[in-house]
Structure formats: structure tokens, C-alpha cells
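Asks:
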Amino acid sequence: MSDPRAPGGAPPSAAGEAGPLPGAPLLEIADLRVAFASEGGVARAVDGVDLAVHGGETVGLVGESGCGKSVTALAILRLVEHPGLIAHGSRVRFEGRDLLALAERDIRAVRGNHLALIPQEPAAALNPVLTVGSQIAEVIRAHQHVTRAVAAWRAVELLTSVGIPDAEKRAGQYAHQLSGGMRQRVLIAIALACGPHLLIADEPTTALDVTIQAEILELLDGLQRRLGMAVLLITHNLALVAERTRRVYVMYAGQIVEEAPTGALFAAPAHPYTQGLMAAVPRADRPAERLAAIPGQVPPATAWPSGCRFHPRCPFAWEKCREEMPPLLPAGEGRSARCWLLAERQGPDAKTPSPQGASGGR
Amino acid sequence: MLTYLLRRLALALATTAAVVTITFALVHLAPGEPFVAGAEDRFVPPETVARLRERFGLDRPLGVQFARYAANLAHGDLGESFARHRPVAAVLAESLPNTLLLGATALVLSLLFGIGLGIAQATRAGTWADSALGALALACYSVPAFWLGLMLLLVFGEWLHWLPVSGMADVTLRVPMDGLRHALDVGRHLVLPALTLALVNGAAVARFHRAAMIEALGADFVRAARARGLGERRVVLRHALRSALAPAITLAGLSVPALLTGSVLVESVFGWPGMGRVAYEAIFARDYNVITAVAVVAGVLVAVGNLLADLGVAAADPRVRRA
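Top to bottom, those sequences are chains A and B. Per the working numbering, the first sequence starts with residue 971, numbered consecutively. Per the working numbering, the second sequence starts with residue 130, numbered consecutively.
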């Protein structure tokens, strides 16, 4: 699924032009499926995801909790644990190699090296009984042939570079001695230790205070510019996506339901789910109406609805939506959405969804 | 840290005082007497018994006896052994080091065995290998220690002739031995009794450590460590193991008194000249002062074991360290 979209058209986002970048994508996911066997049946947490990230760009992956975005991140690194399984036929190409086909020691050489992850929950992702310095140093030593002393030296340098004052002293401390923002900085330092080409940031600011969030994002921005790495930003926070990304994938019930350049997406969301998400965000520039929540709940992964998975909550759903799952349909310049409305549009009395329509659907 | 140690010390003293009182009451209230006219096959004239009872103060009221014992104990005087006609302190000085050697060896072995087995099981959790190893641990834990000791004796001493069956040193080696030869000889004698204790105790450690390891292996930081490209060995032996050590260390500390004084039967089986055997013989001889002294030592060891466990946990886990 390379990205043969027509250039131009979309309004430029905060991250710059949103047209296709030259060359093959750095990361290319095709038909990724992850299933978990549970007592309640088989949960198809990720169900046919296609996604691409080019070198140097920031791409957002947005969705509510439970939509499968974190499982997608783990699947990219092939870290889905029992009882989860990545289905045959799924492909995750990174720098030209299929990560899902690599031998264990080869994928290990990729993890934390050219492909790094900032995990959710900075409080839980650091080992409580090892000093933070040693946790940085061991990543360096796992991927580079350097002595213990050199690795320890670099660990302190990295801590300094992510804005931790008195890094020498902090390197000898444990996670519980650091504040939440400080821990997230340490995790960023660990992720950057080997100069990754792609950084997957899974809810990098969700666990942090608002004031700290801004600092961490500034830090990530600066580092990304300096190091020229690509970032896959996984979040439920639309404001974050609007500010920081170039392109966005919207995920719902294990599938990508919309894909668009960031500016275009926020100007006119094509999928009713995306419209609902945006209507649910409070805005200062609008009169204080009731916030429009999307009616209903995300269905359990063991029992996705028939047809379009959003149809039970969709204000526009009709027969076809209940019976047949829509494919990703073209929705304008460089974008697509998984919605039958786009197929209907060709007809004379096309129901064109609009943000107002989404909120009035209850 | 200092106030913490002082508090622990006060607690240890209180525990020991309680142990002394209860043991004293128990041994005196239990049926039987150290000096009985016509006991066993020897005839002892009643006047002699009366003289002996008077000499050791056993003719006084129990309260007076206790007050006198407590006062002597406070001065570090453990009294005299009725049966051995020697100071109790001298008896303990002979046997306690042997028991400490056996107990410490067994403790180290049981930690190695328990932690190793726990890791082996946790990394295979839910498979047939986990169940098989669990069954092995349960078997070690549930058979009586003395029976396990006898079986080991039978196999390694009697059938294979690999190891000596009894005692602490080879009495037939009359040649004056240098330090190393002597140490090797004691080491050979040490293997079987230490192994017996370690298998029983290590099985308990394994059970706790398996559970702790399974929890640690499922922790976010272990997955994060894998996401950094660390090898599985490192993930298990550094990230998971280090954070899962606390229960094993605590259990080991709590088993210190059991290993040292509870090894009565094992010491008897292997003829190990330790405190367990002294206690065993003292109980049959109604040797009150020796029994009480062993209880005092046990009380002290409980306190020491708890302290060691706390210090060990603090060393392994920085979160519980005091500022």
C-alpha cells in the first residue's frame, strides 16, 4: 500500500505539505490482523489495518480506547503476547524488510534500535529496581559494541539532551524518585538511545499534567527536527493530532475508518465517526451548546457488528450499512474513508454528511 | 536507620523474653523429671536424687526457679546441663557453629534451588514442564525431611558410595590434616544433610518465586524491555528476576530459624554434631537448662532472620529503602 496520491489540494497542516513523499515508505503495514483468544470468543482487536509512514514525517493514529491502536503499535514490533496472535498474511515492512518474517534475533536488532517505542504509562514502563541510567545504558549496549563505561557516559548525555538537569545524579536514581514528566523524559531518552528512524509514541502525554504535556511535546518536536526521524503518534487526543501531525489515520473497532492529510481532515471530516469525534471536542470559538457525544459505546472486540462496524451508532446508517462492510473509498485529494455515503455521493440525492448532521443524529 | 535498628533490637529482646518464659513454663509443666529414682535400667538411690534436685534448685517453688533463671540469663549465664555436667554455654559453643555451617549452606542452596526452579517454571507457565516441575517441588516439600535424608543416604552413601553417610569428619583419617584437607572432608560430609534441608526449604521458595516471576514477566516494564531489543535472557534474569526477588528473600529470612533449629531430625539422621542433636537429646533427658537455652537461641535467630530478610529486601528493591 504505497501512497500514490495526487499532490496538492489539501490545506497545509501545521506540519507542512501533506502530499506524498518521494520514495518507498519507511513503514508499511498491509492487512494487519491481530486476534486474541478469550473465554468470550475470539477478539479481533486489529482487523485488516493498512498504514504507511514515510521518512521524517509525523503521522497520527487516532481512536478511542479499545479501538486497537495500541495493539497495532505492539504488532509492529511483534510484541503481541499470548493469547494474542498476529494473523498469517499480515505484513509489516520496515526499511524494506518484513518484520513479521524475521528471525527472533533479527527483530531484536530492530527493536529499540532503528524502530523505537515510547510506551504508554511512564510510571509502569521503567523497571522499579534498576537505575534509570543503567536502563538507558543497557539499550545502547544491546545494539552497539561499546564498553560499559562508554554506555554509561552516553546515558548521561542522553538524559541531558532530553532536558533533565543534574543528569549525572539522576542517572543513578530509580523511577520512583522521579516525577511523572521526568520519567517520560527518561523513556524518550531510552527510545532515542540508538538514533531511531521511526519512533512510535503511544499516548506520550496522556499520563502527564497539562503543563508537562506541552514541555514533552516541545521536546519531542525539537528532537524530531534535529534527528530527522519519523514519528507515529498514537493518541485519542484530537488537538494533539491537529497540531503535530502531517497525516492522520482514524481507527474504529479494529479498522482504519478514515485516512487524510491533517488539514483536510479537520476542515471536513468524511466519516461520520470522525465527525462525531470532532463534535465531541469542546471548542472555545463556538457558543456553549451541549457537547455532542457519540451515542452508544464501542462494541466489544469479540462481537463486532455486521456490515459497517459503526452502523449502530451512526446517524446516517441504512440497510446497506447493516449488511455489507464498506471498503476504504476515495474521499477527495489523498484521502479515503470507510463509508457507504461516499459511494452514494455519485447519485443525485446524495446524503452528504456534515458535522452538524452528526451532532443532530440523536 | 539507627532508630530502625534500635526498634528492631527492642522487639527482638521482647520476643526472646517471651520465648524464655513460655519455654520455661512448658518444660517444667511437662510430665517427667530430669532426676528420677530408678529411672531406666540404673538404680539411683532416692537420697542422691534429692541431693541432685537440691543442687540444681529443682526443689524450690517454680516462681523462685524462674526468677533465679531469668536473673542468671540477664547476666549471660545459661546455667548447667544436668545430663552433661557442663555449662550450657560450653555445650552450645561446641554445637552451634556446626549448626550455623549446615544451616547457612542449606539456606544458600535452597535459595539457588528455589529461585532457579521458580524461574524455570515461570518462563514455562501453563505448560506441561511447569506442571512437572511443580509436582517435583511439591514432592520435595511434602515428604518428611528425615525420610528424604534417608533416601539420599541410601542412594549416594550406600549404593553409589559417593559421599560419607554420617558425622562431620572422617574419624579414620588419623593423619594430621592441614586446613584445606580438613575443609574438603567437612565439605563432603556437609553435602547430604545440606541438600536434604535445601530441597525441602527450596521447594517452598520455588512456589513463592514462581508466582512473583509470573507477575513480573507480565509487567509493563518487562514488555518495555523487550521493546528495546533486549535479549530474552537479559529480560528474564535482570528485569524480571530483580524485581521479583523480595518474596524469596523474605521467605528465606523467615526460614532461618527453621533451618537452624528445626533441623533436629536431619541432624540426627546424618549424625551431624549440631544444636538440633543437642536439643533432641536434651528433650529426652529433661535437661531443662539446655532446652531453654536452645529456645533462647531460636528466639534470637528469628529476630536475626527477620532483620536479614528486611535488609535483603531493601538491598534488592530500592523502593523499600529508607531515606
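Cβ coordinates follow ideal geometry from the N, Cα and C atoms, glycine included.
With a cut-off of 8 angstroms, does the C-beta of glutamate 1034/A fall near any C-beta of chain B?
Replies: It does not: the Cβ of glutamate 1034/A has no partner Cβ on chain B nearer than 8 angstroms.
Asks: List the residues that DSSP assigns as beta-bridge partners of tyrosine 946/A.
Replies: Residue coverage of chain A in this structure runs from 971 to 1332, which leaves residue 946/A outside it and unanswerable.
Asks: For a cutoff of 8 angstroms on Cβ pairs, would you count histidine 368/B as touching chain A?
Replies: Yes, because at least one Cβ of chain A sits closer than 8 angstroms to the Cβ of histidine 368/B.
Asks: Run through chain B and tell me which residues come within less than 8 angstroms of glutamate 1091/A, C-beta to C-beta.
Replies: Neighbours of glutamate 1091/A on chain B, chain order: Asp349.
Asks: Mind pulling the chain A residues with CB within less than 9 angstroms of proline 226/B?
Replies: The premise fails here: proline 226/B is roughly 35 angstroms from chain A at the closest Cβ pair, so nothing lies under 9 angstroms.
Asks: Got a sec: which bits of the region 370-383 of chain B sit with their beta carbon under 7 angstroms from any beta carbon on chain A, in order along the chain?
Replies: Per Cβ criterion, the list reads Arg371, Ser372.
Asks: Using a Cβ-Cβ cutoff of less than 6 angstroms, which residues in the same chain neighbour alanine 235/B once the five nearest sequence positions on both sides are dropped?
Replies: Within the same chain, alanine 235/B has close Cβ partners Ala323, Leu326, Ala327, Leu388.
Asks: Cα-Cα, which of Phe399/B, Arg363/B, Leu158/B is closest to glutamine 1105/A?
Replies: Looking at the Cα atoms, Arg363/B is the closest of the given residues.
Asks: Which chain B residues are close to leucine 1197/A, counting only those with a beta carbon under 8 angstroms from its beta carbon?
Replies: Per Cβ cutoff of 8 angstroms: no residues; leucine 1197/A is ~17 angstroms from chain B at best.
Asks: Is the Cβ of alanine 438/B closer than 8 angstroms to any Cβ of chain A?
Replies: Taking Cβ atoms only, chain A never reaches closer than 8 angstroms to alanine 438/B, which makes this a no.
Asks: Using 8 angstroms as the cut-off, can you tell me whether the region 1216-1234 of chain A makes contact with the region 1015-1025 of chain A, which would need three or more C-beta pairs spanning the two stretches below that distance?
Replies: Short answer: they touch.
Asks: Indicate, with yes or no, if the ligand GTP has a heavy atom lying under 7 angstroms from the CB of alanine 377/B.
Replies: With respect to the ligand GTP, the structure shown offers nothing to examine, as it has no ligands at all.
Asks: Anything in chain A within Cβ reach of aspartate 446/B, meaning under 9 angstroms, just list it in chain order.
Replies: Result: Pro1098, Val1099.
Asks: Taking the Cβ atom as the reference point for each residue, do glycine 1151/A and alanine 1125/A lie within a distance shorter than 8 angstroms?
Replies: No, Cβ-Cβ distance for glycine 1151/A and alanine 1125/A is not below 8 angstroms.
Asks: Given this structure, state the Cα-to-Cα distance separating leucine 238/B from leucine 279/B, to the nearest angstrom.
Replies: Approximately 19 angstroms, taken between the alpha carbons.
Asks: Mind reading off the beta-carbon distance from glycine 400/B to serine 260/B? Whole number of angstroms is fine, and I expect it under 8 angstroms.
Replies: 37 angstroms between Cβ atoms; not a contact.
Asks: Give me the residue from Ala258/B, Val351/B, Asp416/B with the minimum Cα distance to arginine 367/B.
Replies: Cα-wise, what sits closest to arginine 367/B is Val351/B.
Asks: Per DSSP, which residues does alanine 1000/A bridge with? Please list them.
Replies: Arg1061/A, per the DSSP bridge assignment.
Asks: Counting only beta-carbon separations shorter than 8 angstroms, does histidine 1167/A have a partner in chain B?
Replies: Output row for histidine 1167/A: interface = no.
Asks: Would you identify the three-state DSSP class for phenylalanine 1006/A, choosing helix, strand or coil?
Replies: Strand, per DSSP.
Asks: Which residues does DSSP pair with aspartate 1017/A in a beta bridge?
Replies: Answer is Arg1003/A.
Asks: Measuring only the C-alpha atoms, how far is alanine 375/B from asparagine 330/B?
Replies: Distance between the alpha carbons of alanine 375/B and asparagine 330/B: 16 angstroms.
Asks: Among Ala1093/A, Glu1185/A, Thr1176/A, Leu1096/A, whose alpha-carbon lies nearest the alpha-carbon of glycine 1133/A?
Replies: When each option's Cα is compared against that of glycine 1133/A, the closest is Glu1185/A.
Asks: So tyrosine 1144/A contacts chain B; which residues on that side make the cut at Cβ distance below 8 angstroms?
Replies: By Cβ distance, chain B contributes Pro447, Arg448.
Asks: Could you tell me which of Ala1171/A, Ala1057/A, Leu1096/A sits nearest to alanine 1086/A, measuring between CA atoms?
Replies: The shortest C-alpha separation from alanine 1086/A is found at Ala1171/A.
Asks: Taking only beta-carbon positions, decide if glycine 441/B is within less than 8 angstroms of chain A.
Replies: By this cut-off, glycine 441/B is not an interface position.
Asks: Count the C-beta pairs between the region 400-416 of chain B and the region 188-205 of chain B that are closer than 8 angstroms, then say yes if the count reaches three, no if not.
Replies: Touching, no, given that fewer than three Cβ pairs across the two stretches are closer than 8 angstroms.
Asks: How long is the line joining the alpha carbons of valine 1201/A and alanine 994/A, rounded to whole angstroms?
Replies: About 16 angstroms.
Asks: Got a sec: is the Cβ-Cβ distance from arginine 355/B to anything in chain A below 8 angstroms?
Replies: Closer than 8 angstroms: yes.
Asks: Exposed or buried, what is histidine 1146/A when buried is set at 16 or more other beta-carbons lying within 10 Å of its beta-carbon?
Replies: Flag for histidine 1146/A reads exposed.
Asks: Between glycine 360/B and chain A, is the shortest Cβ-Cβ distance under 8 angstroms, so that the two count as touching?
Replies: So, interface residue.
Asks: Could you check which residue in Val1023/A, Ala1057/A, Gly1030/A has the C-alpha nearest to that of valine 1012/A?
Replies: Considering only alpha carbons, the answer is Ala1057/A.
Asks: May I ask you to list the residues that DSSP assigns as paired with valine 1023/A?
Replies: Valine 1023/A pairs with Leu997/A.
Asks: What is the DSSP secondary structure of methionine 971/A, counted as helix, strand or coil?
Replies: Any reading at methionine 971/A needs caution, since the residue's pLDDT is 41, under 50, leaving its predicted position unreliable; the model's value is listed next. Methionine 971/A falls in the coil class under three-state DSSP.
Asks: Establish whether the CB of glutamate 1108/A and some CB of chain B are separated by less than 8 angstroms.
Replies: Closer than 8 angstroms to some Cβ of chain B, the Cβ of glutamate 1108/A qualifies, so yes.
Asks: Does any CB atom of chain B fall closer than 8 angstroms to the CB of leucine 996/A?
Replies: False, the Cβ-Cβ gap to chain B never drops below 8 angstroms.
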